[in-house]
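In what follows, a structure is listed as structure tokens, so that the remarks can point back to it.
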Amino acid sequence: MEQQDAQSVIWDMINYIDASPTATHATVEMAQRLEAMGFKRLNEEDAWDLKPGDCFYVIRNYAGIIAARVGAEPPETGGCRIIGAHTDFPGLRLKPNGVYSKNGYLQLGVEVYGGPILHTWLNRDLGLAGRIVVGEDGVPGDVMLFEINRPVCHIPNLAPHIRVKRTEEIKLNRQDHFPPILGLGDKQALEEKPLLKAVAAEAGVDVDEIISCSIEVFDLQPGTTGGMNEEFVFSRSLDNLSSCHAGLEALKGAPTDAPFTQIIALFDNEEIGSGTMQGAQSGFLDSVIERLCIATDRPREAFHRTLANSLLFSVDGAHAVNPNYSSSHEPRHHPMLNGGPVVKVNANERYTTQLEAHAHLKACAAAVEAPLQTFVARTDVGTGSTIGPMTSTRLGIRSVDVGSPMLSMHSSREVGGVEDQLHMIRLLTEHFTRL
Numbered sequence: 001m002e003q004q005d006a007q008s009v010i011w012d013m014i015n016y017i018d019a020s021p022t023a024t025h026a027t028v029e030m031a032q033r034l035e036a037m038g039f040k041r042l043n044e045e046d047a048w049d050l051k052p053g054d055c056f057y058v059i060r061n062y063a064g065i066i067a068a069r070v071g072a073e074p075p076e077t078g079g080c081r082i083i084g085a086h087t088d089f090p091g092l093r094l095k096p097n098g099v100y101s102k103n104g105y106l107q108l109g110v111e112v113y114g115g116p117i118l119h120t121w122l123n124r125d126l127g128l129a130g131r132i133v134v135g136e137d138g139v140p141g142d143v144m145l146f147e148i149n150r151p152v153c154h155i156p157n158l159a160p161h162i163r164v165k166r167t168e169e170i171k172l173n174r175q176d177h178f179p180p181i182l183g184l185g186d187k188q189a190l191e192e193k194p195l196l197k198a199v200a201a202e203a204g205v206d207v208d209e210i211i212s213c214s215i216e217v218f219d220l221q222p223g224t225t226g227g228m229n230e231e232f233v234f235s236r237s238l239d240n241l242s243s244c245h246a247g248l249e250a251l252k253g254a255p256t257d258a259p260f261t262q263i264i265a266l267f268d269n270e271e272i273g274s275g276t277m278q279g280a281q282s283g284f285l286d287s288v289i290e291r292l293c294i295a296t297d298r299p300r301e302a303f304h305r306t307l308a309n310s311l312l313f314s315v316d317g318a319h320a321v322n323p324n325y326s327s328s329h330e331p332r333h334h335p336m337l338n339g340g341p342v343v344k345v346n347a348n349e350r351y352t353t354q355l356e357a358h359a360h361l362k363a364c365a366a367a368v369e370a371p372l373q374t375f376v377a378r379t380d381v382g383t384g385s386t387i388g389p390m391t392s393t394r395l396g397i398r399s400v401d402v403g404s405p406m407l408s409m410h411s412s413r414e415v416g417g418v419e420d421q422l423h424m425i426r427l428l429t430e431h432f433t434r435l
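The opening residue of the sequence shown carries number 1 in the numbering used here; numbering runs sequentially from there.
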């Protein structure tokens, strides 16, 4: 592998992640990149008229996006090759009545989203981003994104000198210890609506135009490469925006005349179980695939045949062996950074490991000389899950779970291997190519 190619790919991925402080921003950035590739946006409320070669994407509820290139064959015989991933990541989200004053500080009441490693959020420069609904006279109008990309808040730790038990670490309480400090001020300062003023200024609207908002805290430190030989990538949200980026690059590099339809399905809310209208448990992907079949004489029959002829790669970050905690890993399965994509296996089907899909993945890897690794959790330790099992269960699509290895998963800052993104892109491109 040429290092220059890997570096070019990793910096494009870093740029994508840096532009995506929330799942909505990640979706909008994805849409812009798809537009540059010639893909056209379709709306779910409109009638679709699709033909072979058409390239389109559809967004649901701002943070889920599916893009497809229609295959040369009818979908019921050509089937679909699908790459599934998710746009969301663990973090902190502002409560509805989130701004308050305490002990002379202005603070933000936050909820914990997903399963972040909480102590990694302490003592970091934090910005705010999200979306707002604006309108006049209380009538909803446009939805707008905003990003306060400067250190406007901070979650301070307690110094050891004034702890009751100085030798013990504080057990962090989500309610009491995680409200970021926003500034100095009393209750009178709250009447000035300092947070909404800052949001309105970033969005270029008046405070009174904001009808509702969704605000998230994000880590400001940009992504970068590092290590003695620039072999590592350090960034927030590698889990799972690195997979979203790889899926897009595979779609970009795949042949435009394949017999099967090529799909990337990027869902929201995987970190909290996917049970939303834009999550993997919804009918979002089902709807898109069914609408590919709508023009046939027997559309419902064509839909079921399409599913039976399809293959899904569920792509989500995988655990690399941590040298400081190697005993926490299964001793004969130690995925390494820059060791290539990791196939994830679990006897209790927390990962999807359908044999034919797994064999197809191995053939794809061999064709592009992408090394493969395997992750299995210790028998006495549980594991996470992905969109793979729920998608495969609901639709009956053959599927396999795979992901790039990483360290510090769910931290505010994660670690990956520079070469692994290129390995993954080549593997996924072959998935969209191999007959």
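Glycine included, each C-beta is placed from N, C-alpha and C at the ideal position.
Alpha carbon of residue i to alpha carbon of residue j, nearest angstrom
i                 : j              : result
arginine 236      : isoleucine 294 : 41 Å
glycine 98        : aspartate 186  : 15 Å
methionine 1      : cysteine 364   : Only weak support exists for where methionine 1 lies, its pLDDT of 48 falling under 50; the coordinates are left without a value.
glycine 416       : methionine 406 : 5 Å
phenylalanine 218 : glutamate 301  : 46 Å
glycine 104       : alanine 23     : 33 Å
isoleucine 83     : proline 52     : 19 Å
leucine 182       : leucine 145    : 20 Å
tyrosine 16       : arginine 166   : 42 Å
alanine 19        : glutamate 430  : 27 Å
threonine 374     : histidine 334  : 8 Å
glutamate 64      : lysine 197     : The displayed chain sequence assigns glycine, not glutamate, to residue 64. Roughly 29 Å between the two C-alpha positions.
glutamate 147     : leucine 34     : 22 Å
leucine 158       : serine 101     : 19 Å
arginine 298      : leucine 307    : 15 Å
isoleucine 272    : leucine 42     : 28 Å
glycine 226       : glycine 339    : 17 Å
threonine 433     : alanine 258    : 7 Å
glycine 204       : proline 255    : 42 Å
phenylalanine 234 : glycine 91     : 17 Å
glycine 141       : valine 288     : 27 Å
lysine 252        : leucine 106    : 46 Å
glutamine 421     : arginine 413   : 17 Å
glutamine 32      : tyrosine 57    : 11 Å
alanine 189       : leucine 195    : 11 Å
proline 341       : lysine 193     : 48 Å
serine 242        : histidine 119  : 23 Å
glutamate 270     : glycine 388    : 11 Å
Limits of the alpha helix (DSSP H) - the one that residue i falls within
i              : result
glutamate 290  : 284 to 292
isoleucine 436 : In the structure as shown, the chain starts at 1 and stops at 435, and residue 436 therefore has no counterpart that could be examined.
leucine 422    : 418 to 431
glutamine 175  : 174 to 177
is_contact[residue i, chain B] using C-beta, thresh 8 Å
i             : result
aspartate 239 : Within the model displayed, chain B is absent; a lone protein chain is all it includes.
Outcome for residue i when other beta-carbon atoms lying within 10 angstroms are tallied against a minimum of 16
i              : result
leucine 435    : exposed
methionine 424 : buried
serine 8       : exposed
arginine 131   : buried
leucine 355    : exposed
arginine 426   : buried
alanine 85     : buried
methionine 13  : buried
valine 152     : buried
tyrosine 351   : buried
proline 156    : exposed
serine 310     : buried
aspartate 206  : exposed
isoleucine 162 : exposed
asparagine 324 : exposed
aspartate 239  : buried
Supposed close pair residue i, residue j - CB separation, criterion 8 Å
i                : j              : result
lysine 344       : glycine 403    : 6 Å
cysteine 244     : alanine 26     : 6 Å
asparagine 61    : methionine 228 : Contact doesn't hold; Cβ gap of about 44 Å is too wide.
isoleucine 264   : glycine 247    : 4 Å
aspartate 401    : aspartate 316  : 7 Å
phenylalanine 39 : alanine 67     : 6 Å
glutamate 231    : glutamate 136  : That pair is no contact at about 54 Å.
leucine 108      : leucine 220    : Their Cβ separation, rounded to whole angstroms, is 15 Å, which puts leucine 108 and leucine 220 out of contact at 8 Å.
Span of the beta strand (DSSP E) around residue i
i             : result
asparagine 97 : 91 to 102
proline 140   : 139 to 153
alanine 203   : Unbroken run through alanine 203 is the alpha helix (DSSP H), 194 to 203; no beta strand (DSSP E).
aspartate 401 : 398 to 403
arginine 131  : 126 to 136
glutamine 107 : 105 to 113
Any non-hydrogen atom of the ligand SAM within 7 Å of residue i CB
i          : result
valine 217 : Because no ligand of any kind appears in the structure shown, any question about the ligand SAM cannot be addressed here.
Enumerate, from N- to C-terminal direction, the unbroken alpha helix (DSSP H) stretches of 4 or more residues contained entirely within the region 241 to 329.
284 to 292, 299 to 308
Quick check for students: name the residue ranges of the alpha helix (DSSP H) that lie wholly in the region 23 to 94, counting only runs of 4 or more.
23 to 36, 75 to 78
To test your reading of the DSSP string, which unbroken beta strand (DSSP E) runs of 3 or more residues are found completely within the region 330 to 390?
342 to 344, 373 to 375
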